[in-house]
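Structure record follows, encoded as structure tokens.
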Amino acid sequence: NAIEHNLNFFRSKLKPSTKLMVMVKAFSYGNGSYEIANLLQYQKVDYLGVAFADEGISLRNAGVYMPIMVLNPEFNGLDQIIEYRLEPEISSFDMFERFYKELVYERVNFYPIHIEVNTGMNRSGFDPDEIDKLIEMLKNKPEIIVRSIFSHLASSDNPEDDDFTRKQIAMFDKISSDFQTKINHPVIRHILNSNGILRFNDSQFDMVRLGIGLYGFTAIEQDKLMNTSTLKTTVSQIKTILPPQTIGYNRKWKIEKPTQVAIIPIGYAHGLNRKLSNGVGKVLIKGNFAPIIGNINMDITTIDITGINVEIGDEVIIFNDKYTVVDIANQLDTIPYEILTSISPRVKRIYYHE
């Protein structure tokens, strides 16, 4: 329900003609892969976006048949991109030439590609002064058809950079319009990400790209989105530790008074950030916060449950809609993306619909 709610919230911001690409890279931001993709396919979004070809291949093998754009195609996997009908982003002349040669070798025509333009992110993409050369290279190449041209906003969530963002949008508008005219066929244009959809809604062009917003996180209108995930475990052991004993590796946590502790079977290999060790982080149990004490281990963590009535098997919340991913990200001076995408595949995902 939460995923559908958030999807419909962003759809309500779009013009009827605006297409929607949803990013499912990095295990759908830690939320799962084909389960989320299947839902989006059922909801009839127009495109999925993945970072690497192997993510797209996994989706194809799971029965996802809708268009998938690959943001970071690799030279040694171009044959698989074609085999699994994935659509690569082309952001350099080198990649363009290599992919074209692969298409010629495999005798494939009219294969869709997506052109990235650098308008200020300065990460990847063709620079504005390279576009005319690219257009010349596209001529008389029936093997290739440009499906879309796009760019990335560098700071759409930061009001202090709004002037820069508007300059990016204006630059993209001109470049993409000229590009479309010169190649003489329509292409899909897109630049807005999740925060861009909310903050620069008049610049939808032909398509928008929904990413972290689907999973409940934006710079504005956060209260209109639903939390999509809860990370939880259970208490596996309880014991009382007396001073002057210590907890865990390197004896980082010194016991100064009788302390009741619980062992929970989750560690940094599951995605619980080790920087939350030694009182920095906390978990929710029986409606109370219990601090993490000692160093977080690979597979287990120790929490202080002194004064809380806890039994073996009780549920322990790492994050939910009360103690959120944003709260943890703020503690670690990072972003929700990092917290979510760090949750490893060893953590079982359970999906439910109410």
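In my numbering, the protein residues as written are 682 to 1035. Here a beta-carbon is modelled for each residue, glycine too, at the ideal position from N, C-alpha and C. Predicted model, so just to flag it, every value in this text is computed and none were measured.
- The beta carbon of T982 sits closer than 7 Å to those of I945, I947, G948, L953, I973, all from its chain and outside the five residues before and after it, given in chain order.
- Runs of the alpha helix (DSSP H) lying entirely within the region 715-793, each at least 4 residues long, are 715-723, 734-742, 759-764, 774-787 in chain order.
- Going by beta carbons, E996 and T899 fall outside the 7 Å limit.
- Taking 4 residues as the shortest admissible run, the region 788-826 contains the following complete alpha helix (DSSP H) segments, listed from N- to C-terminal end: 812-819.
- The region 727-736 makes contact with the region 755-762; the number of CB pairs closer than 8 Å reaches 3 or more.
- Of the residues I850, A851, V942, D775, the one whose Cα lies closest to the Cα of N990 is V942.
- Around the beta carbon of V785, fewer than 16 other beta carbons lie within 10 angstroms, which makes this residue exposed.
- In the pairwise beta carbon analysis, the region 783-797 is classified as touching the region 760-769: at least three pairs are separated by under 8 Å.
- Put simply, the backbone Cα of M776 is about 53 Å away from that of G994.
- Taking C-beta atoms as the reference points, F1000 and L912 count as a pair closer than 7 Å.
- For A707, the enclosing alpha helix (DSSP H) has its first and last residue at 706-710.
- Spanning the alpha carbons of R828 and I771 requires a straight line of approximately 11 Å.
- It is roughly 8 Å from the alpha-carbon of L819 to the alpha-carbon of I825.
- Across the set V868, H866, I878, the C-alpha of I878 shows the shortest separation from the C-alpha of I850.
- Out of V705, Y710, N712, the CA that lies nearest to the CA of Q722 is found in V705.
- Secondary structure remark: continuous alpha helix (DSSP H) runs of at least 4 residues inside the region 938-1019, in chain order: 1006-1012.
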